[in-house]
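To convert, count from 1 in the sequence shown and add 1; that's this note's numbering. Glycine is no exception: its CB is placed at the ideal position from the N, C-alpha and C atoms. The structure presented is a predicted model; accordingly, all values stated were derived computationally and were not measured. Structure first, then comments.
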Amino acid sequence: GSGRSGPGEVRTGRGLAGVCWARSDAPPPLRTSGNYRTQLWDKQSESFLPSTPGLGMHVEVKDPDGKVVLSRQYGSEGRFTFTSHTPGEHQICLHSNSTRMALFAGGKLRVHLDIQVGEHTNNYPEIAAKDKLTELQLRARQLLDQVEQIQKEQNYQRYREERFRMTSESTNQRVLWWSIAQTIILILTGIWQMRHLKSFFEAKKLV
């Protein structure tokens, strides 16, 4: 389908700062979900081990304007969902507010994150059970969702092309005015030099 499902990514952070991901341009409004699980550094085995259920994780998502889209407390593993309405890069940060992690794990936290975008965020078996859909009806629902996502992406591409065209036109206009200004400066400099030379020659009685 046209919705994108990102491969599982793993990042390691130190202290309570946590780890952050940046998601690139996507057509709004777009539903995005993330599944994550955490591991803590074990000093004895010198490896990362699954976190205990008591570990608290804070998930924060910011849009390209820096506005907080999602800010919520979760457990050591979980699933979060948000809908983006602003085109551009979104920042997804996960960090622990657990002092136990900072004290006993040497502050090292590993986060495994899998992000789904578009129709990939829909839980179709759950939708089928809830709405009592047949296999054919469910497949039709999936196709409709995919078509809707394609339309969103096409509209977004048109928006990006329009934005790029406007930027290009603005740049070209600035270049044109700068060229005109340079030409005027050169003409005025030439006139001034000719008058200056004429005055010089007249003073020397060469003309």
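Inset, instruction - Would you mind stating whether V118 and T33 have Cβ atoms separated by less than 8 Å? - result: yes
Inset, instruction - Compute the distance between the beta-carbons of Q40 and H59, then report whether it is under 8 Å. - result: no
Inset, instruction - Output yes or no for whether 8 Å exceeds the beta carbon distance between V20 and V112. - result: yes
Inset, instruction - Inspect the beta-carbon positions of G89 and G76 and report whether they are closer than 8 Å. - result: no
Legend entry - Where T53 sits in the DSSP three-state scheme: coil
Inset, instruction - Could you check what DSSP says for D66 in three-state terms: helix, strand or coil? - result: coil
Legend entry - Cα-Cα separation, L187 to S180: 11 Å
Legend entry - Other residues of its chain near A129: CB distance less than 6 Å, five sequence neighbours each side excluded: L139
Inset, instruction - Return the first residue and the last residue of the beta strand (DSSP E) that T33 is part of. - result: 31 to 43
Legend entry - A141 versus F83 - alpha carbon distance: 25 Å
Legend entry - Where H96 falls, given that 16 or more other Cβ within 10 Å makes a residue buried: buried
Inset, instruction - Check whether the Cβ atoms of Y37 and L114 sit closer than 8 Å, and answer yes or no. - result: yes
Legend entry - Cα-Cα separation, G35 to G55: 20 Å
Legend entry - Residue environment, W42, which counts as buried when at least 16 other CB atoms sit within 10 Å: buried
Inset, instruction - Flag R38 as yes when its Cβ comes closer than 7 Å to any non-hydrogen atom of the ligand MG, and as no otherwise. - result: Of the ligands one can find in the structure shown there are none, so the ligand MG has no counterpart to examine.
Inset, instruction - Report the rounded CA-to-CA distance for R164 versus E61, giving the unit in angstroms. - result: 29 Å
Legend entry - Beta-carbon contacts of L50 that lie in its chain and below 7 Å, excluding the five residues immediately before and after: Q40, L41, D43
Inset, instruction - Measure the CB-CB distance between V70 and S48 and report whether it falls below 8 Å. - result: no
Legend entry - Minimum Cβ-Cβ distance from R196 to chain C less than 8 Å: Looking at the structure shown, chain C is missing, and only one protein chain is on hand.
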